[in-house]
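Below: the structure, in structure tokens.
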Amino acid sequence: MRDGAMGYNVSYAEKVKGLADMQLGLDSDGAYGAVSASRNVMDGLDAEYEARARANFDSESKPQLSHALKLSNKLGYAQLLHGTDQEPKLRMGYEFNVDA
107 MRDGAMGYNV
117 SYAEKVKGLA
127 DMQLGLDSDG
137 AYGAVSASRN
147 VMDGLDAEYE
157 ARARANFDSE
167 SKPQLSHALK
177 LSNKLGYAQL
187 LHGTDQEPKL
197 RMGYEFNVDA
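The structure is reproduced here in structure tokens:
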């Protein structure tokens, strides 16, 4: 319930073996979807990709799309991010596991 009206949200998610995780959905506002995948590029270098999209039913909103690509190794990562109405960004940092 939102503002006295009944809403809905239906989604379908699937792991496509060897390719990616996918999700498609429809809710009271519009349609949406996401795709994510990760791969080992070479020994010590991994890649992750994610894309998300949303299209609303109202004519005032334009469709939104965002995606990110991340390359990482044992020393750190570099991530490229971009989305509708956003400038591309490069994010860099460290990733490491701490055993307690």
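Positions in the sequence shown are counted from 1; adding 106 to them yields this note's numbering.
Even glycine gets a Cβ: it sits at the ideal position worked out from N, Cα and C.
Owing to the predicted nature of the structure, the values given are computational and were not obtained by experimental measurement.
Identify every residue that forms a DSSP beta bridge with aspartate 127.
The partner list for aspartate 127 (beta bridge, DSSP) reads Lys121, Ser142.
In chain order, what residues of the same chain have a beta carbon less than 7 Å from the beta carbon of glycine 136, not counting five sequence neighbours either side?
Excluding positions up to five away in sequence, the list reads Arg160, Ala161, Asn162, Phe163.
Assess, as a yes-or-no matter, whether the stretch 146-153 is touched by the stretch 126-133 under the definition of 3 or more beta carbon pairs within less than 8 Å.
Touching, no.
Measuring CA to CA, which of Lys121, Glu193, Gly131 is closest to asparagine 115?
Residue Gly131 is the option with its Cα nearest to asparagine 115.
Alpha carbon to alpha carbon, how far is tyrosine 138 from leucine 196? Give it in angstroms, no decimals.
About 25 Å.
Starting from tyrosine 155, trace the beta strand (DSSP E) in both directions and tell me its first and last residue.
Taken as a continuous stretch (DSSP letters only), the beta strand (DSSP E) holding tyrosine 155 covers 151-162.
What is the DSSP secondary structure of aspartate 109, reduced to helix, strand or coil?
Residue state, collapsed to three classes: coil.
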